[in-house]
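Q: Everything in the sequence shown is counted per this note's numbering, starting at 6 for the first residue and increasing by one.
Just so it is clear, CB atoms sit at the ideal spot from N, CA and C, and this is done for glycine as well.
All values derive from a computational prediction rather than experimental measurement.
Quick one: the structure is below, and I'll ask about it shortly.
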Amino acid sequence: MVSIRSGSIVILVLLAVSCMAMVANGEDKTIVKKKVRGKTVCTQGWECGWYSVYCCNETISDYFQVYQFEQLFSKRNTPVAHAAGFWDYQSFITAAALFEPLGFGTTGGKLMGQKEMAAFLGHVASKTSCGYGVATGGPLAWGLCYNREMSPSQSYCDESWKYKYPCSPGAEYYGRGALPIYWNFNYGAAGDALKADLLNHPEYIEQNATLAFQAAIWRWMTPIKKNQPSAHDIFVGNWKPTKNDTLSKRGPTFGSTMNVLYGELTCGQGSIDPMNNIVSHYLYFLDLLGIGREDAGPNEELSCAEQKAFNPSTAPTASSS
6 MVSIRSGSIV ILVLLAVSCM AMVANGEDKT IVKKKVRGKT VCTQGWECGW
56 YSVYCCNETI SDYFQVYQFE QLFSKRNTPV AHAAGFWDYQ SFITAAALFE
106 PLGFGTTGGK LMGQKEMAAF LGHVASKTSC GYGVATGGPL AWGLCYNREM
156 SPSQSYCDES WKYKYPCSPG AEYYGRGALP IYWNFNYGAA GDALKADLLN
206 HPEYIEQNAT LAFQAAIWRW MTPIKKNQPS AHDIFVGNWK PTKNDTLSKR
256 GPTFGSTMNV LYGELTCGQG SIDPMNNIVS HYLYFLDLLG IGREDAGPNE
306 ELSCAEQKAF NPSTAPTASS S
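Below you can see the structure in the form of C-alpha cells.
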C-alpha cells in the first residue's frame with residue numbers, strides 16, 4: 006500500500022485548504038536539496054512536501070496549469086452535468102501534491118510527466134463522462150460530469166470481507182470519485198491509505214473533490230495485488246514484465262494500465278467500446294496538452310484487446326465498474 010503521511014481526514018482537509026491558498030498566491034516552490042546515502046533528495050515547498058528523489062524534478066504545477074485543466078474538462082460545469090461545481094484544478098493539484106514525492110507526475114522528466122497526466126486524466130474522463138456522439142464539443146469533452154453512480158443496482162457489500170472491512174450499517178458502497186471506487190473492501194483499503202474513515206463514511210468521496218482525486222491517484226499509484234505493478238509503474242516504465250506477462254501480451258504500455266485497473270471488463274475482449282473509449286480520451290488529451298498523439302506509440306501499445314487479464318474475475322474485483 007502507498008503510505009501517506011497524514012493523520013486524519015481533518016488534517017487532509019486542512020492541508021487541502023492550505024495548499025489551495027498557496028497555489029492561488031503563487032507561492033515560491035524553492036527546491037531544497039540534501040544528500041541521503043549518496044543520493045540527492047529534494048523538497049519543493051507545498052507541492053513536494055517531504056524529501057524525495059522525485060522532488061528534484063519538475064512538478065505538476067510547472068507544466069500543467071489551470072487553463073489546461075479547463076481545456077480537458079471544458080463541459081464539466083454545464084447545467085446538464087451531474088457534478089457541476091464540484092471538480093476543479095485546485096482540488097486536483099492539492100491531491101496530486103500528496104503523491105508527487107512518490108513519483109506521480111514527477112518521474113522521468115517533463116514529457117513523461119505530461120504523458121502521465123494525459124493517461125491518468127484520460128482514464129478519469131472516460132469513467133466520469135456524460136458525453137455522447139453528437140454532444141456539444143464532442144463526446145470527449147464531457148469528463149468529470151459525475152462524481153457518483155447515479156442509479157446503483159446494489160449496495161456493493163461483499164460479506165466475505167466482514168472481518169477486515171465489514172460493511173457499515175446503512176452505508177452504500179456504489180461508485181464514487183474520479184476513478185470510481187466500488188465495494189466495501191476498496192473503500193476500506195483507500196481509507197486506510199488516506200487516513201479517512203471511508204468504510205463508515207463512503208459519502209466523503211462525493212463531498213470533497215480533493216479527497217475524491219486523492220482516492221483516484223492512490224488507485225493509480227497502488228498495486229491491486231502483491232507482485233503486480235501499479236498503473237503508474239507500468240506507464241512510466243518502472244515495471245519489467247515477466248515471461249508470463251510477455252506470453253499474456255502484457256507490457257509496459259498504456260494498454261496494460263487498463264488491464265491492471267479493469268481486467269477483463271475492458272481487456273482481452275477484442276476491440277470493444279469501453280477499451281476504445283479510454284484510448285480515445287488519452288489521445289485527445291495528448292493533443293490538447295500539446296504533445297500530440299503520435300507520441301503515444303503504436304496501436305498495439307495502446308490496446309489491451311488481446312491481453313490476458315492480470316486478475317481474472319471470479320468474485321467482485323477492485324476494478325468493478
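Helix or strand or just coil, what does DSSP make of GLN219?
A: Here residue 219 corresponds to residue number 214 of the sequence shown, with the count starting at 1. Assignment of GLN219 by DSSP, reduced to helix, strand and coil, places it in the helix class.
Q: Taking buried to mean at least 16 other C-beta atoms within 10 Å of its own C-beta, is PRO257 buried or exposed?
A: Residue mapping note: residue 257 aligns to position 252 of the sequence shown, counting from 1. Classification of PRO257: buried, given that the 10 Å Cβ count is 16 or more.
Q: With 16 other CB atoms within 10 Å as the buried threshold, where does MET65 fall?
A: Taking the first residue of the sequence shown as position 1, residue 65 is located at position 60. Residue 65 is actually Ile in this sequence, not Met. The residue is buried, with at least 16 neighbouring Cβ atoms inside 10 Å.
Q: Return the chain-ordered ranges of every alpha helix (DSSP H) run that is complete within the segment 74-102 and spans a minimum of 4 residues.
A: 94-102
Q: Given that a residue counts as buried once 16 or more other Cβ atoms are within 10 Å of its Cβ, and exposed if not, what is ASN249?
A: For this step, residue 249 is matched to residue 244 along the sequence shown. Exposed: under 16 other Cβ atoms inside 10 Å.
Q: Apply the 10 Å Cβ neighbour rule to TRP55 and answer buried if 16 or more other Cβ atoms are within range, or exposed otherwise.
A: Sequence index remark: in the sequence shown, residue 55 carries index 50 (1-based). Classification for TRP55: exposed.
Q: Return the CA-CA distance between TRP166 and LYS40, expressed in angstroms with no decimal places.
A: Position 161 of the sequence shown, counted from the first residue, corresponds to residue 166. Position 35 of the sequence shown, counted from the first residue, corresponds to residue 40. Rounded to the nearest whole angstrom, the CA to CA distance from TRP166 to LYS40 is 44 Å.
Q: If you follow the alpha helix (DSSP H) that GLY54 is in, where does it begin and where does it stop?
A: If you number the sequence shown from 1, residue 54 lands on position 49. No alpha helix (DSSP H) holds GLY54; the beta strand (DSSP E) holding it covers 53-57.
Q: List the whole-angstrom C-beta distance separating ALA301 from PHE259, where the pair is believed to meet the contact cut-off of C-beta under 8 Å.
A: Position 296 of the sequence shown, counted from the start, is the residue given in the question as residue 301. Position 254 of the sequence shown, counted from the start, is the residue given in the question as residue 259. Between PHE259 and ALA301 the Cβ distance is about 7 Å, and since that is below 8 Å, they are a contact.
Q: What residue range is occupied by the uninterrupted beta strand (DSSP E) comprising ASN120?
A: Counted from its first residue, the sequence shown places residue 120 at position 115. The sequence given here has Lys at residue 120, not Asn. Careful: LYS120 lies outside any beta strand (DSSP E), inside the alpha helix (DSSP H) at 115-133.
Q: Classify ASN232: buried if its beta carbon has 16 or more other beta carbons within 10 angstroms, exposed otherwise.
A: Indexing the sequence shown from 1 puts residue 232 at position 227. By the 10 Å Cβ count, ASN232 comes out exposed.
Q: Does the count of Cβ pairs from the segment 78-87 and the segment 192-212 closer than 8 Å reach three?
A: No, because fewer than three Cβ pairs between the segment 78-87 and the segment 192-212 fall closer than 8 Å, the two stretches do not touch.
Q: For THR262, which residues in the same chain have their Cβ closer than 6 Å to its Cβ, ignoring the five residues on either side in sequence?
A: Walking along the sequence shown from the start, residue 262 turns up at place 257. Answer for THR262: ALA236, ILE239, PHE240, listed in chain order.
Q: Tell me the DSSP bridge mates of THR35?
A: Locating residue 35 in the sequence shown gives position 30, counting from the first residue. Looking at the DSSP assignment, THR35 forms no beta bridge with any residue, so it has no partner.
Q: Can you give me the Cβ contacts of LYS38 inside the same chain, cut-off strictly under 8 Å, excluding the 5 residues immediately before and after it?
A: For the purposes of this step, residue 38 is taken as the residue at position 33 of the sequence shown. For LYS38, same chain residues with a beta-carbon under 8 Å away, outside a window of 5 residues either side, are THR45, VAL46, CYS47, CYS61 in chain order.
Q: Residues in its own chain within less than 6 Å of LYS34 by CB, not counting five upstream and five downstream?
A: To locate residue 34, count along the sequence shown from 1; it is residue 29. Once the five neighbours on either side are set aside, the close Cβ partners of LYS34 are GLN49, GLY50, GLU52.
Q: Could you name each continuous alpha helix (DSSP H) segment of 4 residues or more that falls completely within the segment 268-301, going from the start of the chain to the end?
A: 278-293
Q: Beta-carbon within less than 6 Å of ASN282's beta-carbon, same chain only, minus the 5 sequence neighbours each way: which residues are those?
A: By 1-based counting over the sequence shown, the position of residue 282 is 277. For ASN282, where only same-chain residues beyond five positions count, the Cβ hits under 6 Å are SER131.
Q: Run through the DSSP bridge pairs and tell me what LYS40 is partnered with.
A: As a position in the sequence shown, residue 40 is number 35, starting the count at 1. Looking at the DSSP assignment, LYS40 forms a beta bridge with THR45.
Q: At what residues does the alpha helix (DSSP H) containing LEU252 begin and finish?
A: The sequence position of residue 252 within the sequence shown is 247, counting from 1. From DSSP, the alpha helix (DSSP H) with LEU252 extends over 248-252.
Q: Whole angstroms are fine: how far does the CA of ILE210 sit from the CA of ASN304?
A: Start at 1 with the first residue of the sequence shown, and residue 304 comes out as number 299. Start at 1 with the first residue of the sequence shown, and residue 210 comes out as number 205. Answer to the nearest angstrom: the Cα atoms are 35 Å apart.
Q: Tell me which same chain residues have a C-beta within less than 8 Å of the C-beta of VAL58, skipping the five on either side of it?
A: The residue labelled residue 58 in the question sits at position 53 within the sequence shown. Same-chain partners within the cutoff: LYS44, THR45, VAL46, CYS47.
Q: According to DSSP, is ILE186 helix, strand or coil?
A: Locating residue 186 in the sequence shown gives position 181, counting from the first residue. ILE186: strand per DSSP, three-state reduction.
Q: Quick one: measure Cβ to Cβ for PRO234 and TRP223, integer angstroms, because I've assumed they're closer than 8 Å.
A: Position 229 of the sequence shown holds residue 234. Position 218 of the sequence shown holds residue 223. Going by Cβ atoms, the distance from PRO234 to TRP223 rounds to 15 Å, so no, they are not a contact pair.
Q: Please report the straight-line C-alpha distance between ASN264 and TYR287, rounded to a whole angstrom.
A: Indexing the sequence shown from 1 puts residue 264 at position 259. Indexing the sequence shown from 1 puts residue 287 at position 282. Taking the straight line joining both Cα atoms gives about 15 Å.
Q: On the premise that LYS115 lies in contact with GLU63, defined as a C-beta separation below 8 Å, what is that separation, rounded to the nearest angstrom?
A: Residue numbering aside, residue 63 sits at position 58 when the sequence shown is read from its first letter. Residue numbering aside, residue 115 sits at position 110 when the sequence shown is read from its first letter. Right, their Cβ atoms sit about 5 Å apart.
Q: For GLY180 versus ILE186, is the C-beta distance shorter than 8 Å?
A: As a working note, residue 180 is residue 175 in the sequence shown. As a working note, residue 186 is residue 181 in the sequence shown. Yes. Within cutoff.
Q: With a CB to CB cut of under 7 Å and the five nearest residues on each side skipped, what residues in its chain are close to PHE190?
A: Position 185 of the sequence shown, counted from the start, is the residue given in the question as residue 190. For PHE190, where only same-chain residues beyond five positions count, the Cβ hits under 7 Å are ASP163, TRP166, TYR170.
Q: Whole angstroms is fine: what's the gap from TYR151's alpha carbon to PHE91's?
A: As a first step, residue 151 is located in the sequence shown; it is residue number 146 there, counting from the start. As a first step, residue 91 is located in the sequence shown; it is residue number 86 there, counting from the start. If you take the alpha carbons of TYR151 and PHE91, they lie about 9 Å apart.
Q: Among the residues of its own chain, which have a CB less than 6 Å from the CB of GLN159, if the five just before and after it don't count?
A: Residue 159 sits at position 154 when you count from the first residue of the sequence shown. Answer for GLN159: no residue qualifies.
Q: Can you pull the DSSP bridge partners for GLY181?
A: As a first step, residue 181 is located in the sequence shown; it is residue number 176 there, counting from the start. The question names Gly, yet the displayed sequence has Arg at residue 181. BP columns for ARG181 point to ARG153, ILE186.
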